[in-house]
Amino acid sequence: MISYTKYPRGSEWRIWDLHIHTPETKKNDRFIGPNPETRWENYIQSINESAAEIACIGITDYFSIENYFKFKAFVASGKILKKFEMIIPNIELRILPTTSTSTAINIHCIFNPNIDHEIENRFLAKLSFQHSGTNYSAAPLELARLGRVLKDDPNMESSIATKFGIEQYVISYDHLRTIFEKDQNLRDNTIIVVSNKGNDGVSGIVKHEDFFTGNVSQLDATRQSIYQFSDAIFSSNENDRNYFIGKGADKKEIVIKKCGTLMPCFHGCDAHSNDKIFNPEQNRFCWIKADPTFEGLKQTLYEPEDRIRIQTLKPDIKNERYVISELKFLDEHNLFGNRSIYLNENLNSIIGGKSSGKSLLLYNTAECIDPDQVGRASKRLNFEGYKFEQSYDFEVVWKNGEIDRLNDRLLTNKNHGITYIPQLYINYLVERNNKEELNALIRNILVQDVIYKAFFEATNDRIKRATTDIERTINIYFQIRNKALEIQTKIKETGASATILNGINQIQKNIEDGQKTSNLNTLEFSAYTSLAKQKAEKEKQLALVEQQESIINKIEAELLANMVNLLGKQEEETTFMKGQIDRLLDEVTEIPVGLKKIKQRLMVDYKTLIKNFKEEVEKINTAKQKSDLILEIAALNISLGPYLGKIAGQEELKKLTLQLQAETKKKEFSENLEKQLKELSKDYESTRAQLVRFLSERFEEYKSLVSTINSTKSEIGSEIKLSAELIYKDQQQPLFDFANKSAISRDHFFNSLFKNGFLDYGELLKITALPIRVVDDKLIISSEIQIPLKLNIDFESILRGLIKDEFEIDYTVTYKLDNLLTMSPGKKGTVLLILFLQISSAEYPILIDQPEDNLDNRTIYDLLCQMIKNKKKERQIIIVSHNANLVVATDSENIIIANQAGQSNTVETNQMRFEYVNGSLEHSFTNNGTNILHRQGVKEHVTDILEGGGEAFKQRERKYAIK
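First residue of the sequence shown? That's 1178 in the numbering used here, and the numbers climb one at a time after it.
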């Protein structure tokens, strides 16, 4: 089948050299060689050996097209081996008035090569130069005749005479303008470019610097006329480029007023010698994004900023992993056939009549790449997909060579991302008009930005760690509190140590009184008392050693458990239980050697720590201490035996002695409890302070998220603003529910803590830092502030409620100060779509299906078109549309036209039920073929299919012009 277009990816960046001279150029021929033949041979060799990939070349000469035809002949003969997509004639003219340096102004006429054989008769022969009362045209014979007259040598060789004639040949601006006014078709096939150099360009009429700095009070009338007559500027100067696209010293409106339109800046090597061939200054090439055709070149006049760049490297380079190169139907039947559709890296627009297969193509593409995302969107829209009796497969080929296949449903093989916005999805969001859904939508779009996502995830990790710390701390807090309450109960049961001491003193006095009536003499009683005290002391020491042993065992168990939790454990020969570090390292694709070494070092350090701990424990030797104390207590019992026998008959004294021993133990026990309670009280206060610190840290992390969004994401587009606010809804805070609101007055502190449906979290933090308590169904914050509670609300429920994380980031979107939620459906839909396009900084493609449905058409043109034009430079976009503005005004690089057989009596396809062709906006032709798609070019299809398509082209062509 005949190819629909030579350029199946639409408008692509190529290098164009629009200004290059050849040997025998009529001025400044400095090419190498003693004669024309040798110079051409050397020139051709330089062309063939050049590494520059030049797509289009503008063969330039003064008032002549002769060398253009010579160059084409060398290409046709095969002497010039380099392949050019287009060779274009560029005739350089000099026109009056002269510049400030008394040289004529240089103007270039770049002609459509399709009329190259008409240029001499329709243009050069119409030019006129008067000398000594005789008019001379710029036809070759006339130029030679002029040269002979000027040199008064009627026999002068023709080529030499022609050069002399050209050196003096100058035309008037008015005469040049008249030629084109009389031949509009010629004007349509000519791009007039004025040089902007100070010595021979239009800026030379008035000093160029004055023009840009505004030192000229009024633009020179002649210069203004020449600018308004021209289509483009020959200049590689960045300041010139910025000025003529309205981004320099003057705004767009002023440039249009002065020049008649915004204008592109062209560039070429301007080679007059071999070393300059395809070698522009500083290797700054002229890159043009268009089909390499004359119509493609004309697109720079309509899009002077986006269609042309002067720089070294190819513009708008995208990561190959995120660019779809080709869509392939794999079908042995006549549904689609085996066909490929090639895509552009920027904007691809799919158009066609109803049921032509537009959405089907986009759906297959999305389903092939991310079926999970497509499934979720389809479920929301109650869309069950496309079903055909015949089976087929579909492939998405990425620029890096990777392939996604439709019939490969294994999610582990789906490694590419897209943003997919199916038909009516924007309507779905508009109709719901739900604040929660809007917040979720914006949140999901924001995290598509790689930089923000990294910040968000890091912040979220810190929030999670803070929450873990908060949970751990509050558990410790209540452990301390419960332990303290338990100890207070024990102290109450045992008695305070001071009270017990008073009792001991009384018992000792009673024993001393009883001694006088006992069977023990003074020395014996003294010995008995001493032995009894020694035994009590040894028993106390034994209890401490046993307590010490218990704590040592707990510490060792905790160390081992922490090591296993952190570093893992080899359970069997082939089984390893991963630790926390291993699970974190699993998140890294390639574990750096340094991280592995850190884990190994931690393992060694942990084992060394446990080993050292055990060595220190061995030094303490609690087992020997216990054994020695038990033996000593046994020996003391033996020594006490005789004395106990003597007082056996005196039961009262014996009771007092036993009572003294018991009370002494009680006192020691009570003192230990009191010491623990004192330490617990300190821990209680420090743990509460730590809890408040963790709560504050979490609060600050949330605030940093909001601050980052407001500082980096607030400007979505022209007059569209995004703002974020951290909120905590009152009903999400348990204290709001626990409070007995019927007992709370209007001016109560509670109503400043919870106001307008939200919690003042800063005030809540202050409350948490205070020694609050619950007494008689009231939360006591201070002596002045008490919040009545419902029945049976305990302190733990209150405090655990106060630490709950129910923060939300609330987003507000406005356009021209109107809140998104109160906009008309059309405007709201447009702004929502812009949210998808603009907030996200992801790199993967965007797929949009007919976003214009029920959108506001004025807003589409004002906002959406410019947004798409900007976004396509960052991300590949594939859009299905029936809106001419979304296709033409966005300067879509690649248009895919869809058609289904049988949808119209006048429509005929080639063989398949669904067919597609594609190409650039500048792709234009008509023929009498039978196949509807191949009967005309892309431009004609756009005009026919899209409502207002023809007008959209006209509007695009005149949007920057008043000519």
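Just so you know, even glycine gets a beta-carbon here, dropped at the ideal spot from N, CA and C.
Hey, residue i and residue j are a contact pair by Cβ (cut 8 Å); roughly how many whole angstroms apart?
i     : j     : result
S2069 : L1524 : 5 Å
K1591 : I1546 : 7 Å
L2014 : Y1597 : Wrong, their Cβ atoms sit about 13 Å apart, outside the cutoff.
D1408 : I1368 : 5 Å
F1411 : F1443 : 5 Å
I2016 : I1622 : 5 Å
N1205 : H1449 : 5 Å
V1347 : I1272 : 7 Å
I2122 : I1527 : Rounded, the Cβ-Cβ distance is 11 Å, inconsistent with contact.
L1956 : L1966 : 6 Å
Q2027 : Q1600 : 5 Å
N1887 : A1901 : 6 Å
Checking the sheet assignment: what are the DSSP bridge partners for residue i?
i     : result
V2094 : I2074
M1754 : K1746
G1235 : I1265
W1190 : K1466
Q2043 : Paired residues: none, contrary to the question.
N2060 : E2124
A1409 : V1370
F1240 : Looking at the DSSP assignment, F1240 forms no beta bridge with any residue, so it has no partner.
A1661 : In DSSP, A1661 forms no bridge with anything.
I1528 : I2074
I1287 : N1267, I1368
L1273 : S1349
A1442 : A quick correction: the sequence has Cys, not Ala, at residue 1442. BP columns for C1442 point to I1410.
I2054 : L1524, I2023
Are the beta-carbon atoms belonging to residue i and residue j less than 9 Å from one another?
i     : j     : result
F1972 : D1646 : no
T1542 : I1501 : yes
L1899 : L2041 : no
K1831 : L1821 : yes
N1968 : D1982 : The question names Asn, yet the displayed sequence has Leu at residue 1968. The answer is no: Cβ separation not under 9 Å.
E1896 : Y1988 : no
H1308 : L1318 : no
I1155 : H1198 : The structure shown does not extend to residue 1155, since the chain is modelled only from 1178 through 2140, so no value can be given for it.
I1209 : T1215 : yes
K2050 : D1468 : no
R1484 : S1188 : yes
T1864 : I1657 : yes
P1185 : N2076 : no
Q1910 : L1882 : no
W1217 : K1491 : no
N1584 : F1571 : yes
N1616 : I1893 : no
S1873 : L1979 : no
S2018 : I1628 : yes
V1794 : E1733 : yes
E1472 : H2100 : yes
Completely contained alpha helix (DSSP H) runs for the region 1449 to 1525, where each covers 4 or more residues: 1471 to 1479
Whole runs of the alpha helix (DSSP H) within the region 1873 to 1946, excluding any shorter than 4 residues: 1911 to 1915, 1927 to 1930, 1938 to 1946
Completely contained alpha helix (DSSP H) runs for the region 1663 to 1747, where each covers 4 or more residues: 1674 to 1692, 1699 to 1744
Beta strand (DSSP E) runs wholly inside the region 1295 to 1349, at least 3 long, in chain order: 1306 to 1308, 1311 to 1313
Runs of alpha helix (DSSP H) wholly within the region 1985 to 2030 (minimum 4 residues, chain order): 2002 to 2015
Continuous beta strand (DSSP E) assignments of at least 3 residues falling wholly in the region 1953 to 1989: 1955 to 1957, 1963 to 1965
Three or more C-beta pairs below 8 Å linking the region 1230 to 1250 and the region 1293 to 1301: yes
Residue ranges of each alpha helix (DSSP H) within the region 1786 to 1848, 4 or longer: 1799 to 1823
Any 3 or more C-beta pairs closer than 8 Å across the region 1837 to 1849 and the region 1696 to 1716: yes
The region 1918 to 1930 contacting the region 1990 to 2004, beta-carbon criterion three pairs below 8 Å: no
Cβ pair count under 8 Å reaching 3, the region 1282 to 1294 against the region 1326 to 1343: no
Alpha helix (DSSP H) runs wholly inside the region 1557 to 1644, at least 4 long, in chain order: 1602 to 1609, 1612 to 1623
The region 1718 to 1729 in contact with the region 1790 to 1804 per 3-pair CB rule at 8 Å: yes
The region 1664 to 1673 contacting the region 1904 to 1917, beta-carbon criterion three pairs below 8 Å: no
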